[in-house]
Amino acid sequence: DAGVIQSPRHEVTEMGQEVTLRCKPISGHNSLFWYRQTMMRGLELLIYFNNNVPIDDSGMPEDRFSAKMPNASFSTLKIQPSEPRDSAVYFCASSSPGVSGNTIYFGEGSWLTVV
Amino acid sequence: AQSVAQPEDQVNVAEGNPLTVKCTYSVSGNPYLFWYVQYPNRGLQFLLKYITGDNLVKGSYGFEAEFNKSQTSFHLKKPSALVSDSALYFCAVSRPAGGATNKLIFGTGTLLAVQP
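Right, dumping it as structure tokens:
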């Protein structure tokens, strides 16, 4: 299995630019999660989807952040406009009670630096 | 509300000695408990989980954890530490959610440093 695939792995962008992070979950998984990791705040859940429907977006920091899951094999996390405080590692993860027994598997992360 | 506490920011242990990384949780109902490991510049890797059944759970790389309901704890253990075990360890909790996976709430992480 290829695992959860995220792109880009690294991105450096200027403040004010739009950033789009992409995720392909493990085939057959019906839950998808976006987490953010920073030194100050640790691992934070931003949003998660079940069967392509957003279930809980209470962790999305503000309106500059948006996430979509147009189909079972693709999701995006968009930041517009980006700010230096958005610099972090963004992880996508996926799971399924039947396929993974509720274990959530993580991608390698997208390392974002906003200058 | 769900929460996880990892009381130690760092644990230091000599190679060959047993190690314990502590975790306590707070959740209503029956918890699902997980341990993940993160190596530098990498994603989180699943180590082991407790869903139901035997309180002692065995996982990858020789790690194990014991679910203690009365103490609401799920400490990670290994009988003999290796230098290669040095990494950041996260405990996490979720609750059953029927036909889909519920969200994981993570602790703050414990840095394990194994000295040769």
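Line by line, the protein sequences are chains A and B.
Per my numbering: the first sequence ends with 1295, consecutive numbering throughout.
Per my numbering: the second sequence ends with 786, consecutive numbering throughout.
Yeah, the Cβ is synthetic: ideal placement off N, Cα and C, and Gly gets one too.
Small disclaimer: the values here were computed from a predicted structure and weren't measured.
Handout entry: Chain-ordered chain A contacts of B:Leu774 [CB-CB under 7 Å]
Key = Within chain A, the residues near B:Leu774 are Ile1284.
Exercise for the section: Just the C-alpha distance for A:Ala1247 and B:Ser750, rounded to the nearest angstrom, thanks. Expected result: About 43 Å.
Problem - Cβ-based contacts, 7 Å cut-off: residues of the stretch 1219 to 1246 of chain A near chain B - result: Residues Gly1222, Leu1223, Leu1225, Tyr1228, Asn1230, Asn1231 and Asp1236.
Practice task
Using a threshold of 8 Å, state whether the C-beta atoms of A:Thr1256 and A:Leu1292 are closer than that.
Solution key: By the CB criterion at 8 Å, A:Thr1256 and A:Leu1292 fall outside the cutoff.
Exercise for the section: Would you kindly work out how many angstroms separate the C-alpha atoms of B:Gly806 and B:Glu678, rounded to a whole number? Expected result: Within the shown structure, residues of chain B are numbered from 671 to 786, placing residue 806 of chain B beyond reach of any answer.
Problem - Among B:Val763, B:Thr780, B:Ile775 and B:Asp755, nearest to B:Pro786 - alpha-carbon criterion - result: Considering only alpha carbons, the answer is B:Asp755.
Exercise for the section: Name the one or two DSSP bridge partners that A:Ala1252 has. Expected result: None, per the DSSP bridge assignment.
Exercise for the section: Answer yes or no: do A:Gly1183 and B:Phe776 have a C-beta to C-beta separation smaller than 8 Å? Expected result: No, the pair does not count as a contact, with Cβ atoms beyond the cut-off.
Practice task
For A:Gly1289, return the contacting residues in chain B, with the cut-off set at a CB-CB distance below 7 Å.
Solution key: Correct list: Gly713.
Practice task
Please go through the stretch 1190 to 1228 of chain A and give each complete beta strand (DSSP E) segment of 3 or more residues, from N-terminal end onward.
Solution key: Here the runs fully enclosed are 1190 to 1193, 1199 to 1204 and 1211 to 1218.
Problem - Alpha-carbon to alpha-carbon, A:Ser1290 and A:Ser1187 - result: Each residue's Cα considered, the two are about 6 Å apart.
Handout entry: Contact with chain B by A:Phe1254, beta-carbon distance below 8 Å
Key = So, not an interface residue.
Exercise for the section: Output, in chain order, the set of chain A residues within a Cβ distance shorter than 8 Å of B:Gly779. Expected result: Near B:Gly779 (Cβ distances below 8 Å), the residues of chain A are Gly1222 and Leu1223.
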